[in-house]
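Chains as they are written, first to last, in the working numbering: chain D, 21 to 150; chain H, 21 to 150; chain S, 21 to 150; chain L, 21 to 150.
See structure below.
There are 4 protein chains.
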Amino acid sequence: MIRLNYRDARPIYEQVKDGLRHLVVTGALQAGDRLPSVRSLASSLAINPNTIQRAYEALEREGYLYTVAGKGSFASPQADVDAGRRARLLEQFDQSAAELLFLGMTVAELGARLQAAEAGRVRPGEGESV
Amino acid sequence: MIRLNYRDARPIYEQVKDGLRHLVVTGALQAGDRLPSVRSLASSLAINPNTIQRAYEALEREGYLYTVAGKGSFASPQADVDAGRRARLLEQFDQSAAELLFLGMTVAELGARLQAAEAGRVRPGEGESV
Amino acid sequence: MIRLNYRDARPIYEQVKDGLRHLVVTGALQAGDRLPSVRSLASSLAINPNTIQRAYEALEREGYLYTVAGKGSFASPQADVDAGRRARLLEQFDQSAAELLFLGMTVAELGARLQAAEAGRVRPGEGESV
Amino acid sequence: MIRLNYRDARPIYEQVKDGLRHLVVTGALQAGDRLPSVRSLASSLAINPNTIQRAYEALEREGYLYTVAGKGSFASPQADVDAGRRARLLEQFDQSAAELLFLGMTVAELGARLQAAEAGRVRPGEGESV
DNA sequence: GTGGTCTAGACCACG
DNA sequence: GTGGTCTAGACCACA
């Protein structure tokens, strides 16, 4: 389900990283779910396993997954996510909000987008049949 | 007022760019206000003028300021900001909001941050005595 | 009738030059008509006479006007325009046409614009009452 | 195939930019084709790599090519070209047409040049054997 | 004095 | 080997 864009300026390993994190964040992968192995993902995306490995390592440092030698990598519960990642996200949220307000959007409009984002989430338990 | 972080992965010119844009977005610089000259900002930040120049060029392309050769650079009115910039900001807003919701923050908490951002703005006319 | 834009990246003298040439090209100034004096134009635009002088000199080199010492500057007949200017215009025309065709416009669409440009012209004799 | 003119008022990076864009627009470079590397083009034109880099960056912003770090730069499909670029081209087309009509050229003559420009294009697929 | 351009040369991340 | 960033220092046009 991860789509690579070779014309994107972002390096491949970062596209993989963002794609996997997106699966976790949207609830497509629930805590404890097993992620594809480095080799299988590499072959299905037709890229070098080193590149996948790098993405997994970065996500593990951020706390989005954990790896068990010989078993595989698994999605972490949200509580494990690195505090630094949280801080960076909050800063990103505040800055984009401030700039959008400057550009004429209202607090009400942005609040509506928050509601929409909340409505689009898959909560634990809901999506297990997938 | 701009603080550079040499350990940050983001290039310096981008940190300068974001810092200057922040001044415009928060209203610290009102439309028409003159920004520091390339050379003076370079020396006060202790970096090369070319790096500052690059940040100014990028901000001009985004529509946050305009430059008159031989005169200096000046803050643009909000209406001049590039339309593409707005779209990118909305995406950034939505993505950071989605991930923060996953991490356990509530819509109410994020809404409160929106209120805070709105409250921190300096609107045109308010800061003229400064 | 010339409007200066101090936020434009083009230098002032070039804006003046283009503005005057536009008056000639559109037929607002017919061959032999007297242009405003350097001093009067400078004061009406509130800029330095040297800047106006520079624009007049450049237009004289291009052949769009001629200056008689003690009398003033006058619009030239179109035949006097510098051959180099013609060549540069043709190149500009060809290049913009080629690029617009690349971008999906058709020869018919561009031809229609030519017709429109032709229709908008003021021909010698037509506009003299102005 | 790009010729630089050091006596031209236009900066070198812009001459390089226009030369490369011309290759894309005329179809000499088809979508996906690889452009010369920054370093190789710099050495073959005997100018500094930074100057070439600047031209490539500008063309990427206009949408004529895309760059993958570590891989190279590639021609974009026509659809990716920035919308603002199209508007600027139309204005350039109209203005040069208006001035050429003033200088005595006829709509028929300019129409013939459009036909010539159309005839000179290489359409996708045509040039593959080269 | 201002911004705009260019050069020479350096180091880094990426795949 | 590729592009991306940064520095140091230079010259020019503009108002």
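Even for Gly, the Cβ is constructed at its ideal location relative to N, Cα and C.
Partners in chain L for residue i, counting only beta-carbon separations shorter than 8 Å
i: Tyr33(D); result: Going along chain L, no residue has its Cβ under 8 Å from Tyr33(D), so there is no contact; the nearest lies around 12 Å.
i: Ala51(S); result: Within 8 Å Cβ-Cβ: nothing; Ala51(S) doesn't reach chain L, min ~11 Å.
Chain-order list of residues whose beta-carbon lies under 6 Å from that of residue i (same chain, five-residue window excluded)
i: Leu43(H); result: Leu49
i: Asp102(S); result: Glu82 and Gly83
i: Ala78(H); result: Lys37
i: Val45(L); result: none
i: Ala136(D); result: none
i: Ala118(D); result: none
i: Arg105(D); result: Glu82
i: Leu134(D); result: none
Own chain, CB closer than 8 Å to residue i, minus 5 neighbours either side, in chain order
i: Val127(L); result: Leu121
i: Val88(S); result: Phe94
i: Phe113(S); result: none
i: Leu24(H); result: Ile32, Gln35, Val36, Leu65 and Ile67
i: Tyr86(S); result: Glu80, Ser93, Phe94, Ser96 and Asp100
i: Arg41(D); result: Leu79, Glu82 and Tyr84
i: Asp28(S); result: Gln35
Cut-off 7 Å between Cβ atoms - residues of its own chain near residue i, not counting five sequence neighbours on either side
i: Ser149(D); result: With a pLDDT of only 49 at Ser149(D), under 50, the local geometry of the prediction cannot be trusted, and the value read off the model is given with reservation. None.
i: Gly39(S); result: Ile22
i: Pro69(D); result: Val58, Arg59 and Ala62
i: Gly52(S); result: Phe94 and Ala95
i: Arg143(L); result: Gly47
i: Pro9(D); result: Residue 9(D) is absent from the model: chain D starts at 21 and stops at 150.
i: Asp100(S); result: Gly83
i: Arg141(H); result: Thr46 and Gly47
i: Ala132(L); result: none
i: Ala107(L); result: none
Contacts of residue i in chain S (Cβ-Cβ under 9 Å)
i: Ala48(L); result: Under the 9 Å cutoff, chain S gives no residues; its nearest Cβ is about 11 Å from Ala48(L).
i: Leu40(L); result: Result: empty, since nearest Cβ-Cβ is about 13 Å, beyond 9 Å.
Proximity test, residue i beta-carbon vs the ligand MN heavy atom, cut-off 7 Å
i: Asp114(H); result: You won't find the ligand MN in this model; it holds no ligand whatsoever.
Chain-ordered neighbours of residue i on chain H, where CB pairs are closer than 7 Å
i: Val45(D); result: Ala118, Glu119 and Phe122
i: Leu134(D); result: Ala117, Val127, Leu130 and Gly131
Chain H contact residues for residue i, given Cβ-Cβ distances below 9 Å
i: Gln141(D); result: Strictly speaking, residue 141(D) in this sequence is Arg, with Gln absent from that position. What Arg141(D) touches in chain H: Ala118, Leu121 and Phe122.
Bridge-paired residues (DSSP) for residue i
i: Phe94(D); result: Arg54(D) and Tyr86(D)
Chain L residues whose Cβ lies nearer than 7 Å to that of residue i
i: Ala137(S); result: Asp114, Ala117, Ala118 and Leu121
i: Ala95(D); result: What Ala95(D) touches in chain L: nothing, since even the nearest Cβ is about 30 Å away.
Cross-chain neighbours of residue i in chain H, by beta carbon under 8 Å
i: Arg23(S); result: By Cβ distance, chain H contributes nothing, its closest Cβ being about 16 Å from Arg23(S), past 8 Å.
May I ask you to verify whether the region 82 to 99 of chain S touches the region 51 to 71 of chain S, counting CB pairs closer than 8 Å and requiring at least 3?
-> yes
Pull out every residue of the region 60 to 93 of chain H whose Cβ sits closer than 9 Å to any Cβ of chain S, in chain order.
-> Correct list: Glu80, Tyr86, Thr87, Val88, Ala89, Gly90 and Lys91.
For the region 99 to 132 of chain S, which residues have a beta carbon sitting closer than 8 Å to at least one beta carbon of chain L?
-> Ala99, Val101, Arg106, Leu109, Leu110, Gln112, Phe113, Asp114, Gln115, Ser116, Ala117, Ala118, Glu119, Leu120, Leu121, Phe122, Leu123, Gly124, Val127, Leu130 and Gly131
Between the region 61 to 76 of chain D and the region 67 to 82 of chain H, are three or more C-beta pairs nearer than 8 Å?
-> In short, these stretches do not touch, since the Cβ pair count stays below three.
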